Every structure is written in structure tokens, then in C-alpha cells.
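The sequence shown maps to residues 1160 to 1346 in the numbering used here.
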Amino acid sequence: AGMGDEAVLAARVQPCSLREVDALVAAAVHAGAGPELGLQVGQALRVSTHGPLGLAVASSPHLRQALRAVERYGTLRNASLSYRVRSTATGADLELLERIDLGPTRSFYLSVMCLVLLQMIEAVVGPAVQQVRLDLPLPEADWRARIERHFGGPVHYGAARLVFHMQASLLDAPGLTADAQAHAQAL
């Protein structure tokens, strides 16, 4: 992909550009990776890999505060994406907003972020599929079996954007690893 060998890539400090990600995904597909690649990458990106944002999420006193941290600081992890938390009559929605045209790697990014955000939610409150509904802007025929291996809650495919809909009781549940001091330091 023109980025050097694996050791050089692993040692990088700065994030990859969209063009570099396009090249990496194309090289992986050429080497035999399938559509599952984004889900595999998303699953591998544990909350701790997100630095201070991951710490802020994991140490949040409640999911509501964790979502606000994602909304405010998530763009620092990937400038191509931003996040919006909206209150609803039954709880809140976390929306992933595409700030640019993601081009040929859109499904890769969306599948990565689907699992990254799910892991962030579960890092705060534990397994939450009964209280979360997912809108996924990917076609059901291509993605249903893949998504169901990772998320057992209700999914609306072909949506306009990636959205996690969460019930109020989940938002206000105490964080599993809440730590007010660590949360304040991370922010």
C-alpha cells in the first residue's frame, strides 16, 4: 500500500489519512480479505486503544457522560467522522456523521465504527442489546449474518446513517468502571 512494512505502520504515531486507509483496505482485499475485514478491525480496537477518549469513556459515571465525551472528542480520533448525541422521548441516540464522502471504504468505516461504538457502550454498562437498537446504512442482504454475530439487538438496515438508539434506563445506569478522578483527568 506504499506505506512501508508492518513494523513501520505499527510504529506510526499519526493516524492514517482516508487515502492511506483506502490503499490499505484495497491491499487487504487483494490479499483475500472479505467484507468482514471492517468488523474484524472494529472488534480488535478495544476501548483502551482510543487513548484519553477511551479512558474518559471507560471511567464515565454513566453512559450519558460517556456519549458526551464521544460527541465532543471523537473527531480527534478520526476527522472524517463526527458524532451527535440527541435526546429522545425514550432515551438518546448516538449518531455517526460522515463529514466527507468516504468513497470506496465507506462500508469498511461503517462496520469498524459499528463495533467500536458498541464496545464503548458495553465498556460502560456491560452487554446492552436489550436496550439498544441499531440503524445501519448497509444493505441487509449483505450484512445481516455478519452483524448478528456481533450484535443481537434489533437492526434497521439501509438507514440514512449509523445510529445507536438507547433507552433512558441504560443511559443512567452506573458505569461498571466509573472513576470520577480518572474521568476528569482524561477530559
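Glycine included, C-beta positions come from ideal geometry on N, C-alpha and C.
The model shown is predicted, which means the values in this text are computed figures rather than measured ones.
Spatial neighbours of residue i within its chain, please: CB distance less than 8 Å, with the 5 preceding and 5 following residues excluded, ordered by chain position.
{"i": "Ala1160", "result": "Note that Ala1160 scores 48 on pLDDT, short of 50, meaning its location in the model is unreliable and no value can be drawn from it."}
Check for me: the alpha helix (DSSP H) holding residue i runs from which residue to which?
{"i": "Gly1213", "result": "Gly1210 to Ala1217"}
{"i": "Asp1252", "result": "Element bounds for Asp1252: not the alpha helix (DSSP H) but the beta strand (DSSP E), Gly1250 to Glu1257."}
{"i": "Asp1338", "result": "Element bounds for Asp1338: n/a, residue is neither H nor E."}
{"i": "Leu1196", "result": "Leu1196 to Ala1203"}
{"i": "Gln1173", "result": "No alpha helix (DSSP H) contains Gln1173, which DSSP labels as neither H nor E."}
{"i": "Val1288", "result": "Careful: Val1288 lies outside any alpha helix (DSSP H) and carries neither H nor E."}
{"i": "Asp1260", "result": "Neither: Asp1260 is in no alpha helix (DSSP H) and is coded neither H nor E."}
Would you check if the distance between the CB atom of residue i and the CB atom of residue j is smaller than 8 Å?
{"i": "Pro1296", "j": "Leu1269", "result": "yes"}
{"i": "Ala1215", "j": "Ala1345", "result": "yes"}
{"i": "Leu1253", "j": "Leu1226", "result": "yes"}
{"i": "His1324", "j": "Val1291", "result": "yes"}
{"i": "Pro1313", "j": "His1221", "result": "no"}
{"i": "Leu1274", "j": "Leu1198", "result": "yes"}
{"i": "Ala1203", "j": "Gly1250", "result": "no"}
With a threshold of 8 Å between beta carbons, is residue i in contact with chain B?
{"i": "Val1188", "result": "The chain labelled as chain B is not found in the depicted structure, where only one protein chain is given."}
In terms of DSSP beta bridges, what is residue i paired with?
{"i": "Asp1294", "result": "His1315 and Val1322"}
{"i": "Pro1333", "result": "His1221"}
Enumerate in chain order the residues of its own chain whose CB-to-CB distance from residue i is below 6 Å, with the five nearest sequence positions on each side excluded.
{"i": "Gly1233", "result": "Tyr1242"}
{"i": "Asp1294", "result": "His1315, Ala1318 and Val1322"}
{"i": "Val1283", "result": "Ser1219, Leu1222, Ala1225 and Gly1334"}
Once you ignore the five residues that flank residue i on each side, which residues in its own chain have a CB closer than 7 Å to its CB?
{"i": "Ala1341", "result": "Leu1214 and Ser1218"}
{"i": "Val1200", "result": "Val1271"}
Beta strand (DSSP E) runs wholly inside the segment 1220 to 1247, at least 3 long, in chain order
The qualifying runs are 1240 to 1246.
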